[in-house]
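Numbering (the numbering used here), first residue to last: -11 to 209.
To keep things clear, I will list the structure first and then write my remarks on it.
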Amino acid sequence: MSLTKFLSKRKRREGKISAGIIPDFKVVTLGESGCGKTSLVQWFLRQRPLMNKELGATVAASFSRHTFEESPGEGGPMMGLWDTAGSERYCALAKLYYRDAFGAILCYDVSDYHSWDRLRYWINELNENKPGCRLYIVGCKADLPREICPERVTELVEKHKAIFFETSSKTGFQINEVFRIIYDDYREQRRIQEKLASDEDAMSGSIHLGEETRSKPCFLC
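Quick look at the structure:
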């Protein structure tokens, strides 16, 4: 099956799955093939590691949804999560998935320098095509020996005002924390937007009231 036909078929299938259920915000994973993106996402969704038989390279992208609880038993905002393929074959398609994204999880393998080096490509892509997207840099496979010195990580994180985590999809180390801070950031952004909208409405009401007061005729006896 050609790539064009595959994507067309996949789009129809995703459309049926998503029909009537629109996530409140969108997050996308980006990074080199095999760096651990899918294992990270699936551990969060399943709260367990993937079994060997469940492992496999992502083709183009996969879509998942997760509803965060505002309080126990009470549903909150829904996150739409696009897990993209890292293969160069699909790089040109990635911008279709991070369009309108609230945040991007930029993954690299702590034991693979090449996957780290490729982060610059994805950061540049986001800066050019989706400025303002929140950046979350995640070093996957933290249970393995590291090839990247901490100073380089700190420099990149600070330069791009990103949030940084190291995670392990083998043990679950800090995976929930990654998505919790994304949710907290979204909730804070939503609170600020709602306050701005409320302030604008109040100001608009004051202006209209002032105009009505000035327009009332004055009758002298």
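The C-beta atom is built at its ideal place from N, Cα and C for all residues, glycine as well.
Note that the structure is predicted; figures quoted are calculated from it, not measured.
- Query: Which whole-angstrom value describes the C-beta separation of Y86 and L132, a residue pair presumed to lie in contact below a C-beta threshold of 8 Å?
  - Reply: 27 Å between Cβ atoms; not a contact.
- Message: Quick check: what's the CA-CA separation for R122 versus G91?
- Response: 4 Å
- C-alpha gap between S21 and C79, whole angstroms: 10 Å
- Item | Where T17 sits in the DSSP three-state scheme | strand
- Message: Do Y101 and V126 have their beta-carbon atoms positioned less than 9 Å apart in this structure?
- Response: no
- Query: How is I170 classed by DSSP in three states: helix, strand or coil?
  - Reply: helix
- For G64, which of C137, Y174, G120, N117 has the nearest alpha-carbon? Y174
- Starting from T142, trace the beta strand (DSSP E) both ways and give me its first and last residue. It is not in any beta strand (DSSP E) - T142 instead sits in the alpha helix (DSSP H) that spans 138 to 147.
- By a C-beta neighbour count over all protein chains shown, 10 Å radius and 16 as the cutoff for buried, is I163 buried or exposed? buried
- Classification of I180 by the beta-carbon crowding that lies within 10 angstroms, buried from 16 upward: exposed
- Item | L144 to S192 span [Cα, whole Å] | 43 Å
- C-alpha distance - F13 paired with W31, whole-angstrom precision: 20 Å
- Query: Between the C-alpha atoms of T17 and G120, what's the straight-line distance to the nearest angstrom?
  - Reply: 16 Å
- Task: With DSSP as the reference, label E135 as helix, strand or coil.
- Result: coil
- Message: Can you look up T159 in the DSSP assignment and give me helix, strand or coil?
- Response: coil
- Task: State the start and end residues of the unbroken beta strand (DSSP E) segment that holds R34.
- Result: Note, R34: premise wrong, no beta strand (DSSP E); alpha helix (DSSP H) at 25 to 34.
- Message: Within the continuous beta strand (DSSP E) that includes R122, where are the two ends?
- Response: 122 to 128
- Task: Report yes if the CB atom of Y84 is closer than 9 Å to the CB atom of L94, and no otherwise.
- Result: It is Leu, not Tyr, that sits at residue 84 in the sequence shown. Not closer than 9 Å, so no.
- Pull up the DSSP beta-bridge partners for Y96, would you. G127
- Item | Distance between beta carbons of K25 and D71, contact taken as under 8 Å | 6 Å
- Item | Sequence-distant residues of the same chain with beta carbon closer than 7 Å to F152, five excluded per side | I125, V141, V145
- For the putative contact between K118 and V98, defined by C-beta atoms under 8 Å, what is the C-beta separation to the nearest angstrom? About 26 Å; that fails the 8 Å criterion.
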